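Letter 115 of the sequence shown, counting from 1, is numbered 140 in my numbering, and no numbers are missing.
Note that the Cβ used here is the ideal one computed from N, Cα and C, for glycine as well.
Nothing here was measured: the structure is a model prediction, and the numbers come from that model.
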Amino acid sequence: MKKPLIQPKEISVEQRIYNFDEVVCGYTEEQALEEASRCIQCKNPKCISGCPVGIDIKKFIWYITQKDYPSAYYTISEKNNFPSICGRVCPAEYQCRKTCVFTPKDRNVAEENAINIPLLERFVGDYARKHNLALNLTEKIKTNPKLINTKVAVIGSGPAGLCVAGELARLGVKVDIYEALHLLGGVLIYGIPPFRLPRDVLYYEINLLKNYNVTFYTGVSVGKTLPFRELQKQYNSIFIGTGAGAPTWLNIEGESLCNIYSANEYLTRVNLMHSDKFPEFHTPINVGKNVTVIGGGNTAMDAARVALRMQKIKGINGKVTILYRRTQEEMPARKVEIDHAKQEGVEFKFLVQPVKFSGDTRGYVKSVLCLQCTLGEPDSSGRRRPVPIKGSEFEIETDLVIIAIGLKANQILLSTLPELKTTQDGDIIVNPETMETSIPNVYAGGDVVGGEGTVIEAMGMGKKAAQSIVQKLTIG
Ligand code: SF4
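The following block contains the structure:
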């Protein structure tokens, strides 16, 4: 009989809703050994094809079973510099766990019993951090003599940019990363709350890049405070990984009322600017008693869980409700995030479409008018389309709204480059084989070129771009 999946410990709901501490605890050594022992070391390991950066999953798991954690870490590091980050935020149920032999082929999401690859990766990454294994890693890596005098600029320090920088710097390329914000990490720091990705983990893995040949410049907005043309003069190649920082709005009446935030702004205020600690930190935020979050992705779950913690921390006895146009089945958010939100007390209203916001005499939102929906035929995304039911209007009272229905590429830099080809939505168009843009020697990847918006997918694009850059720099 197959052994069951080893479940990690989680911090209790009563404890965790009053702070931003990590919710899911990592495996203990005993648990990691037990979970690793469930891997049957397939002759043809399908899990690897499910990993966007191609980690030799079978091999690193085997090293865990041998208690050879340094070798497990070095195996992962051949393909990925950020095991502790990816082990926490990768949607593995749609990637390596889905292609693991334990998941039947016809499934579009991993079988519950599939090997918990991300938690094993996280265990190895955390072990390496505690034992400073990365220092030995720099000695193991051979640089490419042909790349020694080459320089690459990376714009944006999110997952795609960090991945490109790591891949190139390890080979001897001099990499400079330009970040517009005052802290590094891009969406990893402004978008993902610390209860999913603790900041010590994030900073540690980012700072490891300094062991190679990477220099960081924060507070530099390329296209605003530093012209792109300057970079073109100084560097052999440029990688644009500026992410998708511009919000998508519902475009309905009343959307500009006070206390209606985009999820991006709301999360940035708390995650990056620490408005939970206002006035110690200088960024204020309004904390509603009756918060409504609109959307069904991971960002909506993050926003709802942050809003709930803000209420608890500020001693407000309120509620947080998520409105979604379809049913839970069509929700793009990871099941684990939906489960965590529900456990913590976030309420869900499905098949609901907002059509108008109303405000009070001071201009603050006081309610949202909605239509009840039913599900119709599948749309271009393959999910059944929500169809509003005529005459089904109803009103929901609310004093703070967070809109989390998607993000678009930030146009600050892109608008300064007329020769850069973009889609109608403003995403950069790249050659999918090389990630090169319409400007020679300028590459792009991550959310700024569209896609699923996952951290590991962005890293996969960064890896591909790095390989193309190396090929061009060495072969010409
Ligand atoms: S497919 Fe699953 S069982 Fe097979 S090697 Fe990969 S993780 Fe192990």
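C-beta atoms of GLU482 and PRO77 nearer than 7 Å: In the sequence shown, counting from the first residue as 1, residue 482 sits at position 457. In the sequence shown, counting from the first residue as 1, residue 77 sits at position 52. In contact: GLU482 and PRO77 (Cβ atoms closer than 7 Å).
Endpoints, beta strand (DSSP E) assigned at ARG410: In the sequence shown, the residue the question calls residue 410 occupies position 385. Per DSSP, ARG410 belongs to the beta strand (DSSP E) from 409–413.
Three-state secondary structure (DSSP) of ASN315: Residue mapping note: residue 315 aligns to position 290 of the sequence shown, counting from 1. Strand at ASN315.
Contiguous beta strand (DSSP E) assignments of at least 3 residues, all confined to the stretch 349–399: 372–374, 377–384
Three-state secondary structure (DSSP) of SER102: Residue 102 sits at position 77 when you count from the first residue of the sequence shown. Helix, per DSSP.
Length-filtered (3 minimum) beta strand (DSSP E) runs lying within the stretch 256–296: 262–265, 285–287
Terminal residues of the alpha helix (DSSP H) in which VAL149 lies: Along the sequence shown, read from residue 1 onward, the residue named residue 149 stands at position 124. Its alpha helix (DSSP H) spans residues 142–155.
Own chain partners of ARG351 with C-beta closer than 6 Å, once the 5 adjacent residues on each side are dropped: Here the question's residue 351 lines up with position 326 in the sequence shown. So the qualifying residues of the chain are PRO411.
Inter-residue CB distance, ALA429 and VAL473 (contact presumed, cutoff 8 Å): To locate residue 429, count along the sequence shown from 1; it is residue 404. To locate residue 473, count along the sequence shown from 1; it is residue 448. Actually they do not touch by this definition, with Cβ atoms about 19 Å apart.
Endpoints, the alpha helix (DSSP H) within which THR499 is located: Locating residue 499 in the sequence shown gives position 474, counting from the first residue. Note, THR499: alpha helix (DSSP H), 480–500.
Buried versus exposed call for SER493 [16 or more other C-beta atoms within 10 Å across all chains shown]: Along the sequence shown, one-based indexing puts residue 493 at 468. Looking at its Cβ environment, which holds 16 or more other Cβ atoms inside 10 Å, SER493 is buried.
Buried or exposed by the 16-neighbour rule on C-beta atoms within 10 Å, applied to ARG113: Position 88 of the sequence shown holds residue 113. That one is buried.
Any non-hydrogen atom of the ligand SF4 closer than 6 Å to PRO129 Cβ: Start at 1 with the first residue of the sequence shown, and residue 129 comes out as number 104. Because no heavy atom of the ligand SF4 lies under 6 Å away, the Cβ of PRO129 does not count as near it: no.
Spatially closest choice to PHE419 from LEU394, LYS199, GLU354, by CA coordinates: The count along the sequence shown starts at 1 and reaches residue 419 at position 394. Considering only alpha carbons, the answer is LEU394.
Length of the line joining the Cα atoms of ALA269 and GLY476: Residue numbering aside, residue 269 sits at position 244 when the sequence shown is read from its first letter. Residue numbering aside, residue 476 sits at position 451 when the sequence shown is read from its first letter. For ALA269 and GLY476, the distance between alpha carbons rounds to 11 Å.
At least 3 beta-carbon pairs within less than 8 Å: the stretch 118–132 vs the stretch 67–77: yes
Contacting residues, own chain, Cβ-Cβ under 6 Å from ILE36 (five flanking each side not counted): In the sequence shown, counting from the first residue as 1, residue 36 sits at position 11. Cβ neighbours of ILE36 beyond the five flanking positions: VAL48.
For LEU58, the nearest candidate out of ASN138, GLN40, GLN91 (CA to CA): Working through the sequence shown from its first residue, we reach residue 58 at position 33. Here the closest residue by C-alpha is GLN91.
Spatial distance of GLU280 from ALA190 (CA atoms): Counting from 1 along the sequence shown, the entry for residue 280 is found at position 255. Counting from 1 along the sequence shown, the entry for residue 190 is found at position 165. Those two C-alpha atoms are separated by around 39 Å.
Alpha helix (DSSP H) segment containing LYS123, residue limits: Taking the sequence shown and counting its residues from 1, the one referred to as residue 123 is at position 98. Start and end: 121–124.
Classification of LEU504 by the beta-carbon crowding that lies within 10 angstroms, buried from 16 upward: It is not possible to answer for residue 504, since the shown part of the chain is limited to 26 through 501.
CB contact flag (VAL318, ILE427, <7 Å): Walking along the sequence shown from the start, residue 318 turns up at place 293. Walking along the sequence shown from the start, residue 427 turns up at place 402. Yes; because the gap between Cβ atoms is below 7 Å, this pair is in contact.
Where ASP46 sits in the DSSP three-state scheme: One-based indexing of the sequence shown puts residue 46 at position 21. Note: ASP46 maps to coil in three-state DSSP.
Any non-hydrogen atom of the ligand SF4 closer than 6 Å to LYS83 Cβ: Within the sequence shown, the letter at position 58 stands for residue 83. Answer for LYS83: yes, Cβ within range of the ligand SF4.
Residue interval of the alpha helix (DSSP H) (run including VAL38): Within the sequence shown, numbered from 1, the residue matching residue 38 stands at position 13. Taken as a continuous stretch (DSSP letters only), the alpha helix (DSSP H) holding VAL38 covers 38–41.
Any beta strand (DSSP E) of 3 or more consecutive residues that is wholly inside the stretch 207–251: 239–243
Residues sharing a beta bridge with PHE419, DSSP: Here residue 419 is taken as the residue at index 394 of the sequence shown, counted from 1. According to DSSP, PHE419 bridges with CYS395.
As assigned by DSSP and simplified to three states, the class of PRO304: Residue mapping note: residue 304 aligns to position 279 of the sequence shown, counting from 1. Of the three classes helix, strand and coil, the one that applies to PRO304 here is coil, per DSSP.
For THR346, the residue or residues it bridges with in DSSP: The residue given as residue 346 occupies position 321 in the sequence shown. Note: THR346 sits in a beta bridge opposite THR317, GLU372.
VAL149 Cβ short of 6 Å to the ligand SF4 heavy atom set: Numbered from its first residue, the sequence shown carries residue 149 at position 124. VAL149: no, Cβ never under 6 Å from the ligand SF4.
Counted within 10 angstroms of its Cβ, other Cβ atoms place SER405 as buried (16 or more) or exposed: In the sequence shown, counting from the first residue as 1, residue 405 sits at position 380. It counts as exposed.
VAL78: CB within 6 Å of a non-hydrogen atom of the ligand SF4: One-based indexing of the sequence shown puts residue 78 at position 53. Not so, every heavy atom of the ligand SF4 lies at least 6 Å from the Cβ.
GLN56 classed as buried or exposed, judged by whether at least 16 other C-beta atoms fall within 10 angstroms: In the sequence shown, counting from the first residue as 1, residue 56 sits at position 31. When all chains shown are included, GLN56 counts as buried.
Segment contact, 8 Å Cβ cut-off, at least three pairs: the stretch 167–183 with the stretch 195–210: yes
Spatial distance of ASN44 from ARG334 (CA atoms): Position 19 of the sequence shown holds residue 44. Position 309 of the sequence shown holds residue 334. Their backbone Cα atoms lie some 7 Å apart in a straight line.
Option in TYR389, GLY451, TYR52 with minimal Cα separation from TYR286: Here residue 286 refers to the residue found at position 261 of the sequence shown. It is TYR389 whose Cα lies nearest to the Cα of TYR286.
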